[in-house]
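Taken in sequence, the protein lines are chains A and B.
Numbered according to my numbering, the first sequence spans residues 64 to 177.
Numbered according to my numbering, the second sequence spans residues 769 to 882.
In this text, a Cβ means the ideal position worked out from N, Cα and C, and glycines have one as well.
All figures in this text were calculated on a predicted structure; none of them were measured in a lab.
Here the structure comes first, spelled out in structure tokens, and everything after it is commentary.
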Amino acid sequence: SQKIEQNSEALNIQEGKTDTLTCNYTNYSPAYLEWYRQDPGRGPVFLLLIRENEKEKRKERLKVTFDTTLKQSLFHITASQPADSATYLCAPGASNSGYSTLTFGKGTMLLVSP
Amino acid sequence: GAVVSQHPSWVICKSGTSVKIECRSLDFQATTMFWYRQFPKQSLMLMATSNEGSKATYEQGVEKDKFLINHASLTLSTLTVTSAHPEDSSFYICSARGSDYEQYFGPGTRLTVT
Chain A
64 SQKIEQNSEA LNIQEGKTDT LTCNYTNYSP AYLEWYRQDP GRGPVFLLLI RENEKEKRKE
124 RLKVTFDTTL KQSLFHITAS QPADSATYLC APGASNSGYS TLTFGKGTML LVSP
Chain B
769 GAVVSQHPSW VICKSGTSVK IECRSLDFQA TTMFWYRQFP KQSLMLMATS NEGSKATYEQ
829 GVEKDKFLIN HASLTLSTLT VTSAHPEDSS FYICSARGSD YEQYFGPGTR LTVT
């Protein structure tokens, strides 16, 4: 069955540091992969989408890579700030019958200390 | 930017009653909306895909007679939890897919069944 694994433990980093979150998937061939941010008691907020033919995507302090051979996506956040503290979800997407569905990982909680 | 609202943001109901949750895309039209459920510290689980003007497509294990979905217009989808029980208590989140590839999420509705 399809499986998505993200860093299981919460990550604690100091403000200003860079960190990398990992998303591994199995039994899956996603056409694209999305990363979201979710704050407690709130819906996810879209951050980045990377397609299978793209190796890397950047947006401000965020960088996402997509390795279809390793079946892995890495999410890098640089110059971290306390406001970046949230749970980050990866969601490989697959097209099906004209619409796309997402399957979400459990997410990795990131805590940035001042 | 694209905004999706949900109403109510939280609701408490008695066991055996029905609850309706609304999902609206405020500034764009969405032919497809999705309904998710999220239990504490768990990933978002897709319940059903709602297409405007047609019947919803339910994921395996989701009872379509218990979770009634109506997508009457391009900006509104509703989820009705019928004969709610305490085990239905959860965080329900909708999303709407715009004309681009992105999926925009609502803020979620916290349902508590007593």
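Rounded C-alpha distance that separates residue i from residue j
| i | j | result |
| --- | --- | --- |
| residue 160 of chain A | residue 78 of chain A | Per-residue confidence for residue 160 of chain A stands at a pLDDT of 43, beneath the threshold of 50, marking its modelled position as unreliable; the derived number appears in the next sentence. Residue 160 of chain A and residue 78 of chain A: Cα-Cα distance of roughly 44 Å. |
| residue 769 of chain B | residue 834 of chain B | 34 Å |
| residue 812 of chain B | residue 803 of chain B | 10 Å |
| residue 846 of chain B | residue 792 of chain B | 9 Å |
| residue 155 of chain A | residue 108 of chain A | 15 Å |
| residue 856 of chain B | residue 830 of chain B | 12 Å |
| residue 67 of chain A | residue 132 of chain A | 15 Å |
| residue 849 of chain B | residue 786 of chain B | 5 Å |
| residue 94 of chain A | residue 115 of chain A | 5 Å |
| residue 80 of chain A | residue 818 of chain B | 42 Å |
Residue i at chain B interface by Cβ criterion, 8 Å
| i | result |
| --- | --- |
| residue 100 of chain A | no |
| residue 169 of chain A | yes |
| residue 129 of chain A | no |
| residue 66 of chain A | no |
| residue 173 of chain A | no |
| residue 164 of chain A | yes |
Pick from the options that is closest to residue i, judged by C-alpha positions
| i | options | result |
| --- | --- | --- |
| residue 836 of chain B | B:799, B:815, B:771 | B:815 |
| residue 152 of chain A | A:168, A:142, A:73 | A:168 |
| residue 840 of chain B | B:878, B:810, B:822 | B:822 |
| residue 144 of chain A | A:150, A:175, A:97 | A:175 |
| residue 87 of chain A | A:117, A:126, A:135 | A:135 |
Chain A residues whose Cβ lies nearer than 8 Å to that of residue i
| i | result |
| --- | --- |
| residue 876 of chain B | 104, 105, 106 |
| residue 861 of chain B | 106, 107 |
Chain A contact for residue i (CB, 8 Å cutoff)
| i | result |
| --- | --- |
| residue 835 of chain B | no |
| residue 794 of chain B | no |
| residue 797 of chain B | no |
| residue 817 of chain B | yes |
| residue 872 of chain B | yes |
| residue 844 of chain B | no |
| residue 811 of chain B | yes |
Interface residues of chain B facing residue i [CB-CB closer than 8 Å]
| i | result |
| --- | --- |
| residue 141 of chain A | Simply none; closest approach about 23 Å. |
Cross-chain neighbours of residue i in chain B, by beta carbon under 9 Å
| i | result |
| --- | --- |
| residue 125 of chain A | The contacting residues do not exist; residue 125 of chain A stays about 15 Å from chain B at best. |
Neighbouring residues, chain A, relative to residue i (Cβ below 9 Å)
| i | result |
| --- | --- |
| residue 814 of chain B | 164, 165, 166, 167 |
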